[in-house]
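A short write-up of the structure that comes next.
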Amino acid sequence: MTTNKAISMGNEKTPETNNVLTREKAEEYRRQVRDNSCLLNIMLDSMGRECPDSLYSMLSSQKVLKVLEDDELLLSARVLFDNNLSIGDASKQIYIHRNTMVYRIEKIQRLIGLDIRNFDDAMTLRALIILYDNIKRY
Numbered sequence: 002m003t004t005n006k007a008i009s010m011g012n013e014k015t016p017e018t019n020n021v022l023t024r025e026k027a028e029e030y031r032r033q034v035r036d037n038s039c040l041l042n043i044m045l046d047s048m049g050r051e052c053p054d055s056l057y058s059m060l061s062s063q064k065v066l067k068v069l070e071d072d073e074l075l076l077s078a079r080v081l082f083d084n085n086l087s088i089g090d091a092s093k094q095i096y097i098h099r100n101t102m103v104y105r106i107e108k109i110q111r112l113i114g115l116d117i118r119n120f121d122d123a124m125t126l127r128a129l130i131i132l133y134d135n136i137k138r139y
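Each residue of the sequence shown is one higher than the one before, counting from 2 in my numbering.
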């Protein structure tokens with residue numbers, strides 16, 4: 002299924018249910034969004050022309066999904082953001098050794114090229130996580 006078709010299904014409303022998606026249509030849309038290639042296309046489409054080239058290449062190569070779908074890496078990134086990029090505080094919060102947190106941060110850097118100890122890279126990943134969460138919710 003193409004991205005445009007999945008999006009049009011999401012925007013479809015039915016008159017018999019007061020302009021609300023039917024359960025069947027919503028489930029079909031969810032199934033399509035769970036398809037990773039469709040998800041990445043929706044993310045790229047939603048960012049439009051304002052998407053920087055580096056971010057576009059990262060999303061189009063599907064490397065970012067390796068981070069977004071890895072529960073440990075995603076949890077580590079979220080906790081790090083919640084603790085203002087403090088590695089020590091973040092590692093204490095999830096009961097792991099500081100070196101384990103550093104290893105996970107370096108693994109994220111190897112996978113997608115973002116060093117989330119750097120504020121700009123951290124905000125880029127934070128934006129991707131928020132976008133990913135919002136798309137996956139539907």
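A virtual CB, placed ideally from N, CA and C, is assigned to each residue, including glycine. Keep in mind the model is a prediction, meaning the values are calculated, not measured.
DSSP, read as helix, strand or coil, puts Tyr104 in helix. Collapsing the DSSP output to three states places Gly114 in coil.
In the three-state scheme derived from DSSP, where H, G and I count as helix and E and B as strand, Asp71 is classed as coil.
Cα atoms of Ile117 and Leu86: separation of roughly 8 Å, rounded to the nearest angstrom. With a threshold of 16 other beta carbon atoms within 10 Å, Ile106 meets it and is buried. The three-state secondary structure of Leu86, taken from DSSP, is coil. In this structure the segment 95-104 does not lie against the segment 119-133, because fewer than three pairs of beta carbons, one per stretch, are closer than 8 Å.
A direct Cα-Cα distance of roughly 17 Å separates Phe120 from Gly89.
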